[in-house]
Structure formats: C-alpha cells, structure tokens
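Contents: one structure, followed by commentary.
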Amino acid sequence: MNYSSEVLQRFGLPQADGAFPDETEGVVRGEAEDRSLGIWIRFDVQLRDGLIRAVRFQLFGCPHAIAAASLICERLEGKPARALAGIDLQAVAGSLDLPVEKYGKLLRIEDALLACRQALGRSQDTSEARKSCDEDETKDS
Amino acid sequence: MNYSSEVLQRFGLPQADGAFPDETEGVVRGEAEDRSLGIWIRFDVQLRDGLIRAVRFQLFGCPHAIAAASLICERLEGKPARALAGIDLQAVAGSLDLPVEKYGKLLRIEDALLACRQALGRSQDTSEARKSCDEDETKDS
Amino acid sequence: MSARPLYLDNAATTAVDPEVIAAMTACLGTDGSFENPSSAHPGGARARQLVEDARERIAALVNAQPGEIVFTSGATESNNLAILGSFDADPRSRKHFVTTRIEHHSVVDTAHALEARGVEVTRLDCDAKGVVTTGQVLDAITDATALVSVMHVNNEIGVIQDIEAIAQACASRDVRLHVDAAQSAGKIPLDLGGWGVDLCSLTAHKAHGPKGIGALYVAGGVTLAPQLHGGEQERGLRAGTLATHQIVGMGKTFELARPERDGPRLAKLRDRLWRGLGEIEGIRLNGCRERCAPHILNVCFAGIEGESLRLALADIAVSAGSACASDDPEPSHVLSSLGLSDALAQSSLRLSVGRFTEPADVDRAVERIGAEVARLRALADGAPAWCST
Amino acid sequence: MSARPLYLDNAATTAVDPEVIAAMTACLGTDGSFENPSSAHPGGARARQLVEDARERIAALVNAQPGEIVFTSGATESNNLAILGSFDADPRSRKHFVTTRIEHHSVVDTAHALEARGVEVTRLDCDAKGVVTTGQVLDAITDATALVSVMHVNNEIGVIQDIEAIAQACASRDVRLHVDAAQSAGKIPLDLGGWGVDLCSLTAHKAHGPKGIGALYVAGGVTLAPQLHGGEQERGLRAGTLATHQIVGMGKTFELARPERDGPRLAKLRDRLWRGLGEIEGIRLNGCRERCAPHILNVCFAGIEGESLRLALADIAVSAGSACASDDPEPSHVLSSLGLSDALAQSSLRLSVGRFTEPADVDRAVERIGAEVARLRALADGAPAWCST
Ligand SMILES: Cc1ncc(COP(=O)(O)O)c(C=O)c1O
Ligand SMILES: Cc1ncc(COP(=O)(O)O)c(C=O)c1O
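Chains as they are written, first to last, in this note's numbering: chain A, 18 to 158; chain B, 18 to 158; chain C, 201 to 589; chain D, 201 to 589.
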C-alpha cells in the first residue's frame, strides 16, 4: 500500500485526536461504524456562538481514515455549525490522494459528522443547511 | 576422464616416441590399427645379439594408449627378442591404472608387437617363444 | 540509542554472514574459482570440488549423504520439484496428494497445479495452535496416495510439526513424505536420514546465506522426474550451470549453522521479546508456545486495525503474514486456519529474530511497539467490541 | 612470462567484473540491502527498488520495456519457461514445435519433454556452416505450430542466426518466436522490441555477471503459463524469493556491457587467435567465418586424437564441445550437424575470449597449442588417412 505524504503526516501526528471530557460545555458527539469496512469513528464537536470552536475524533480504522478524520477536523474549525453537513468529500479525497477503494470509509466519516449535526438538535431543514454549506465549501477550497 | 599419475607422466613425456631412420641396422617394424577404436600404432624395434636394444613407437590414439606404448617400450629394452610376444597386458593395465574400456586398445598394441616379432622372420615356433617369454615376464614383474 | 534499523524479519530473509560473503566473493572474480564446474579443465575441476565440498557440508547438517543433495534455486523450486517430480515419476500413476492447510505458497500453489492435472488433494486442518497430528495424516492416506507433504516449521507462526512421527506413519503405509524445512534448517536439528524423510526442501537465505540457492534432499532410492530440462547437472535432476558462488555460500551457511547453539540463543531473544510485549494489554500469541521454532513470534494486537498497526511500525522491519504475500491484502491463510477472524489476522504481526539480533534491539522494538500500540489504542478508545474480535 | 592461467573458455562462463562483484556484495551483509524485496517495510522497498533498477538496465540493453523482463535462475530455466509455458498457455492447444538441430541442451531436452506430452517437434538442419534459413523456418510452420525456437548465437561454433528475418517470417505466419540469446547478450546488439521477438532467454554469467541468474524477455501481450508455482513474484510468472544480489549483479552486468565497443574488441582478439592458429597445418574452422559471434572460435585439428588433444592442452581452459557436456564423451550434436565425422568432432576445440583476455594471452595460447599439436602430430606421423577424417 502506498501512502501520500499528506496521509503519512496526519497518520503519524493527527491534529485533533481524542475526545472532550464528558461534561465539556457546548460539545456534541456523533458516531458511525461499518464492520464490513473495518471502521468506527466518533467526533466531539465544540460549538460557541454558532461556530465550530474545536473538533476531536476517535477512530478504529486504516491510516487513510485517520488522516481523513484529522483533515476534516482541521477544516471544520472556525466554520458555522452547518458545515458539519457540508464536507466536500471529493476535496478531502483529493487532498489526501486517497485510493478509490477507501471512499466508502469517507462516507462513514460523513455519517458521523451528520450525527453530530443531528445531535445539535436544531430545527433548521438539513437540506437547506447542506445547500448553504456547499456554498461555503466552494469558497473555501 | 581421470588419468593416473603414471598415465599423465608418460603422456606428457613419452620415453620412446619416434622412429629409427629408415636404414638403421637391425630394426624391425610392426604396425596395427583399429579405426573403430581410434588407434594406430607402429613400433620400431632395434635388436642386437638377440636382445632388444631400443624400441620406438608412433601412435595416433588416446593418452592411455600413448602411456601404455611408452611403458611397454621401457619394459622391452634389454629383453630377449621373444619378449615381443610376451607382454603381460594385465600388468601394463595395472601399472597405469587403465579403465577397462581401454583394454581393447592394449590388444592392438600387442598386435603391433607381434607384427614386429613376425618381421624378425625367425623360424622358431611362435607359441614356444611366447611360452618362454611368459616365464621371463613372470620373473620380471 | 543507536540508529541501526530494527530488523525483526529474519523469517522473511536474513543478512548474509560475513564469512559466507567472503566465501562467495572468492568464487567470482578473475582471481577466484569463477570457472564452470562442468568444465573439464583444472579450473572447472576446482570449482567442481568446491561444489562437492559444499554438498558435503549441507548433507552433514541434515544427516544426509552428499549424493542425496540436489541444488536448486531455492525452497520454492525444491518444493515444486519434490511434488511435481514425485507425481510425474510415480510408477503406479497414483493421483492423491496429502498436505496441510498451512503450507507455504509454493506448496499450496503446486497443489493447485496438481489438481489441474487431475490429482486429488487432501488438505489437513490444523488445530487452534497450528498443530497437525500423525493420526490425521494416517487417516488421509489412501491406496491412491503418492505423496504426503508437511512442512517442518511454519513460516508465519513458527509451529513445529512432529516430522519424525509423521515420517514413521508414512513409512508404515509405504507412502513417500516430503518436508519443507526452509525455516528450520540451521535452527532446529534435522535428522533426515534418521527420521526416514524421503524428500526435504532447504534454502540458504533463511539462515544467513544468500538468496536464490536451495537444495532438495532426495533420499537414496527415491526417483523423481526432473522439472527443468537440459544438461546433465545434478544427476540429471536439475539442469542449469551450477552457480558456484551461491552453492559455496550455502555450504558455508550450513557449515556455520549450529542448531544446538543457535537455536537456544534465538529462543532466548524471542522469549525476551515475548516477555516485553506480554506487558501490552490484549496481546495474544498466534500458534503454539510449546512447539515453536526459536526465531518466530506471531502476535495479535486485538483492537488495533491491521493496516494502521503496520504503518505505525513501518520503521521496524516485521511482517504481517509472510513476506511473500506482503503486497496482498488478503488475510493470511495460516492465521485463518488457526480460527482467527479476518480482522484479528490483519492485526497480527510476525516478529522474527536472527543471528545479528541483539537483546538491545529486542528492547527497542518492545518500546516502539508498546508506544504505537498505546497510541492507536487511545485513538480507538470507546470503539465497539467487534473492533477487538 | 606470467603465471596467469590461460582462460579461453568464456563461452562456458566468465569471471565476474569487479564492479559487478561490488554491486552484489552491497546486497548481502547487515549493512547492505539484504532484505526481502517482497517485504513491505522500507528495507524491503529499497531492495525492491534495486531489483526494478536492474530490470530497467537489462531491458535497456535489449530494447525492451522493464515490464517485459522476468527474472529466472538462468537461461536454462528461461528456455524451459518460454517453451513449456507457451504450450501450456496456448489458447488453441496447438501441438507443433519448430526448432533447430543445433540448440543448447536446455532447448533440445525441453523439446524431448514436449514430445513426451504429445507435441510434434520439427528440428531444422543447418548447412555445413551452421546456418538455418528463414525459408526453412517458413516451410516448417503449419497451422498447428504454436512456437518456433531458434538460438541467436550458437554456444559451440558461434554462428549467428538472422533473428530479425526469422522474427518477420514468424510474424507473417502469426507464430510466436522464442530466441535463446544466452551467448549474444552484451556482445552483439539485441533489438528485441524492434525485431519483434516474442520471448528471449538471457543469462548473466556469459557476460561477466554471476551464475544462477537469468531472465526471460516476455513481449507485452505474450501469455505464458508459469512453470514454478507459489508466490506472486514476477507477475506470477516465476515464484521464489527474488535474489537481490544476483539480480543487481545481472543489472550491473548488462549496464556495463557495450556490444558496440565490446564486440569489436573481442572480435579482434578472436581474429588474432585465428591468425596465429591458422599457421598450423591441417587446421579448419568449424562454423561460419562471416557470421560468427565475436568471442567464439571453434577449430578442428585433423589428425590429432581428441582425448589426447584435450589432455595435452589441459592447462589451457578451453572446451571440447560445450562445457555442459564435458563429462560426456559423445561427440557434440552441433558439430555432427555440420557434417563432421565423430573423430573430427572429437578433434575440435572451442576457444572463447572475454573482457579479461589480453592479446598476450592469445599469443601464449597460440604458442602452447602450436607446440602440442606439433608434438602429437609428430607422434602420429605415418598414421593412415582415416586418422585425419
Ligand atoms: C516455509 C517456507 N517454504 C518455502 C519458502 C520459499 O523459499 P525460497 O525463498 O528459497 O524460494 C519459504 C520462504 O520464502 C518458506 O518460509
Ligand atoms: C546458448 C545457451 N543457452 C543456454 C545456456 C544455459 O544458460 P544457464 O547456464 O544460464 O542456464 C547456455 C550456457 O550454459 C548457452 O550457451
């Protein structure tokens, strides 16, 4: 298996691994797993004033998944909460030079973020949120 | 093919190779050949007072044959003429450690010696000569 | 701390001993014995003598006669020659082969080749520790069985099969036994003559000799059909110019090997490794503690994803499964045979020590592995149970 | 006069070039690239890179793509793999093989093995100079022909076949061509890609590389059935741990080889030898003066018994026939094909020069041969005519 330097770097020194202590204020948690793909992931997202202040992740899975989770955490910080539903998976895969057979795991990572979004318990319509997030992402990349 | 040191020595430096000049006194000549065995041999035997004074040989053939011819020449010198018909082939083969597949060539060498004996033109009965020669050889070896 | 890279992959291959390198080099250049051992001239005869000396040394280590050693390009070729050569030469054209599920690929794939030729193959299961019993072998043998092939030391988990007993069993049924001893020669005493083994594959590069040279022990009276045609080398059993330097290298390798001395030294290193790693929670040994070759330790780190484990320890030369299959993401057929799930098989590592492994190397490896395992465990803290099973 | 032994047997094998020895040695010890090229760890990757570099160099010398080079244990194995592998993989199961009467034993014997499997073999005669024509090849090809195998340079008499024309002929009939180029690589430019050869056997040890390593060129799109099972090495075409030092040695060998420079140098030495020996009465050249590889000279000393000739010159390393058959008292099948009697074939010697042959060596050889021939001629003076025919 070949790994891009982006993957190697984030795998060796993930930027946002871990979790927030259980009672940390403003933290929502979201999980996803897929036994057949060999991945389990959990995000802790800390929000303040509608913005994502910090994200932490825990993960059982391959180096690509670890690197992807790490990169996503980096990208989310400082974004509005709706960004949780608007990660551009293609862009993540591209940045890390992920092999196609790993794309399935990205979808599970997205699921965990969506679970966070859901946990936020907002009343907004998710599809509308996703739409504006997409706009954000486009500007962002 | 392995060669005994006896063969190697006589092949590298045969003791009696060559022939006597055509008009040398007291020289008889005898030849034999066998195309299927790849051997041709010619002996020149010089006699004086009924004794073999010197023997020379010429040969086309394998190293074992050359060594055998050389050894036989050495053994004949100083012997009575009847020794030409009395070479102990077993002893020669033993001295040189000849492989069995070479024994056929020894018989052709013997033929050439017998031809010399014939050339001597003596009236003695050959079988009688051989008999006494055999006695000589036994003492000799 | 030394910068020397950590090499714990001696079951994949080994560094060549300096004495072996010296012996090999002396057969290469203009001032050495570079001549063709088949040549009739004195230089050829000298090379031939070196080849015969090497044959003697190899025979001596495994209790064989020099005439029973046939040089090949390695144990892969030896396994092919032994198995295909036995079936091609079987006077009764029998068409049944008995082997195990945990053989090296070169036996596994040769068995497939036999099947394609209409031979029926019985593959014996091992137990959870990797052991195959004599009873299983006996039960599998039928009137149609031409050959049984059981490896001595498994290359992934190190388990040692009881070849002496299996040889007796085969002999009792008049069936030929082939043994793949690629991993054991030099580390465990081999008594091929005494045990009554018919065919045995050997290789140099697992015992601090060169790669690309091996041998097949062919017990006196055992007939084989050559698989490589051309030239009368090796009594017609294996054509091709004899590679003097390789053969001399293998001879020196087997001369230097002292199983009675090297085995215990390796076992001490392996035990030190196991003591150190044993401190790690949730670690398990794959294979059989009581019947394991001295140089191999196969461990499972439950709860750590295999690919991440391997990448985290990429600076330590170890194997996941066997080297030959390293590009292959399939879980090891050997670990699967022990009953491990695909995930646990993927989370396993083979660590193997050698002549040049020092206790300090083992300690550094334990430290590094401990640290990475702790890091990845922390990362996966809270993961569901299936991640550890 | 130097005591350096006279080595004029470079067609049997060659001394390894010091640069090649250095490259090989660097792959052996603990401080070298000794790791298994199939291993996933960085040491394994480094070894793999060395293997791929070598593959590129070998491909470059013969105008091939690196992916078209499959490593084997030598040209013997390459010949076996090319021929048996072609028939085993033939989609139409065709059962006709065309080859010549002057091939190396590894082709000759493989053809016999094919016959045992029901393949019909056509063996083309050569003319009195050793040449086989394109017309003969075309005439022999039938609808059942799966493969044609013609050697490039004959190992006994050095005659060069017109492979380019033969390749065109085979292509025009849609039949696969295999070429044994063991003797030519490094001495004569090979343009495998340009000529349209399908399969070509190469070896290192005839060109100042190590024995026991060779390659098979398998042109893109040509399918073969592997003959050695186990492991995914060499795209599944040849199992067995890759012998890094051997492969690196072959790579260096092919990198150092410069046919445009080395060929003419060798030819000059060979011509000097022929000029010197030509003074000897009754000497004849076996083969073809105009189409001869630069390093080989095969001469017949009519009127001198073969075994005595060989023993007399035992201190000079030369060959009677080919080295592989040196223990074999049978006359060479190649010389017989030229029409020589058994006796004349036995009275023939192959002298072959190499990179380390100096003009002074040639002169000493001429002197020694001249003296021994004179001595044995004198000894056989007066012999009947049959001794010279
Ligand atoms: C048990 C076993 N058999 C056979 C082989 C193949 O040996 P070689 O690399 O000499 O072909 C190996 C190692 O590669 C092995 O471990
Ligand atoms: C023409 C030819 N083909 C094949 C071979 C066999 O090559 P190897 O010795 O590499 O098996 C040789 C030499 O031995 C040869 O001269």
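Even for Gly, the Cβ is constructed at its ideal location relative to N, Cα and C.
At the level of alpha carbons, what is the spacing between residue i and residue j?
i	j	result
Val-375/C	Leu-535/C	29 angstroms
Ala-647/C	Leu-428/C	Not covered by the structure: residue 647/C. The range shown for chain C is 201 to 589.
Asp-128/A	Val-307/C	45 angstroms
Leu-250/C	Val-518/D	20 angstroms
Thr-213/D	Ile-58/B	38 angstroms
Ala-457/C	Leu-261/C	8 angstroms
Asp-343/C	Val-298/C	12 angstroms
Ile-69/A	Ala-545/C	39 angstroms
Asn-236/C	Gly-243/C	8 angstroms
Asn-486/D	Ala-84/B	30 angstroms
Asp-527/C	Ser-286/C	Low confidence applies to Asp-527/C: its pLDDT is 46, below 50, so where it sits in the model is not reliable enough to give any reading.
Ile-483/D	Leu-424/C	45 angstroms
Lys-411/C	Leu-208/C	18 angstroms
Gly-436/D	Gly-393/D	22 angstroms
Glu-460/D	Leu-473/D	21 angstroms
Val-348/C	Leu-338/C	10 angstroms
Arg-301/C	Ala-328/D	58 angstroms
Ala-259/C	Ile-447/C	13 angstroms
Ser-552/C	Asp-471/C	11 angstroms
Taking the CB atoms as reference points, tell me whether residue i and residue j lie closer together than 8 angstroms.
i	j	result
Gly-430/D	His-533/C	no
Ala-136/B	Val-45/B	yes
Pro-97/A	Gly-67/A	yes
Glu-277/D	Gly-414/D	yes
His-296/C	Val-332/C	no
Val-562/C	Gly-476/C	yes
Phe-37/B	Gln-63/B	yes
Gly-358/D	Ala-493/D	yes
Thr-225/C	Thr-225/D	yes
Glu-268/C	Ala-419/C	yes
Pro-116/A	Leu-511/C	no
Glu-356/D	Asn-498/D	yes
Leu-469/D	Pro-559/D	yes
Gly-233/D	Arg-246/D	Correcting the residue identity first, residue 233/D is Ser in this sequence and not Gly. Contact: yes.
Glu-42/A	Ala-132/A	no
Gly-503/D	Arg-577/D	yes
Starting from the beta carbon of residue i, find every residue of chain B whose beta carbon is closer than 7 angstroms, and list them in chain order.
i	result
Cys-587/D	Trp-57, Phe-77
Tell me residue i's beta-bridge partners as DSSP assigns them.
i	result
Gly-414/C	Thr-272/C, Thr-403/C
Pro-97/A	Leu-68/A
Ala-206/D	A quick correction: the sequence has Leu, not Ala, at residue 206/D. Its beta-bridge partners are Ile-516/D.
Asp-380/C	Met-351/C, Ser-401/C
Arg-550/D	Asn-498/D, Ser-519/D
Ile-360/C	Val-353/C
Thr-345/C	His-296/C
Arg-323/C	Thr-299/C
Closer than 8 angstroms by beta-carbon distance: list the chain B residues that pair up with residue i, in chain order.
i	result
Ser-508/D	Phe-28, Gly-78, Cys-79, Pro-80, Ile-83
Below 7 angstroms, is the gap between the Cβ of residue i and the nearest heavy atom of ligand 4?
i	result
Gly-440/D	Summarising the ligand content, the structure contains ligand 1 and ligand 2 and does not contain ligand 4.
Just the chain C side, please: which residues come within less than 9 angstroms of residue i by C-beta, in chain order?
i	result
Arg-52/A	Ala-543, Pro-584, Trp-586, Cys-587
Output, in chain order, the set of chain D residues within a Cβ distance shorter than 8 angstroms of residue i.
i	result
Asn-279/C	Gly-430
Leu-424/C	Near Leu-424/C there are no residues of chain D at all, since even the closest Cβ is about 14 angstroms away, more than 8 angstroms.
Which residues in chain B sit within 9 angstroms of residue i, going by Cβ to Cβ distance?
i	result
Ala-580/D	Trp-57, Gln-75, Leu-76, Phe-77, Gly-78
Can you name the residues of chain A whose CB is closer than 7 angstroms to the CB of residue i?
i	result
Glu-505/C	Gly-55, Phe-77, Gly-78, Cys-79
Using a Cβ cut-off of 7 angstroms, pull out every chain C residue sitting near residue i, in sequence order please.
i	result
Tyr-417/D	Going along chain C, no residue has its Cβ under 7 angstroms from Tyr-417/D, so there is no contact; the nearest lies around 18 angstroms.
His-405/D	Thr-441
His-304/D	Gly-430
**OP:** For the segment 214-238 of chain D, list the beta strand (DSSP E) runs that are entirely contained and at least 3 residues long, ordered along the chain.
**Re:** none
Original post:
Could you give the uninterrupted runs of the alpha helix (DSSP H) lying entirely in the segment 433-510 of chain C, keeping only those of 4 residues or more?
Top reply: 444-456, 459-478
**OP:** Scan the segment 263-319 of chain D and note each continuous beta strand (DSSP E) run of 3 residues or more that stays entirely inside, going in chain order.
**Re:** 269-272, 296-300
Subject >> alpha helix (DSSP H) runs contained entirely in the segment 34-78 of chain B, provided each spans 4 or more residues >> reply: none
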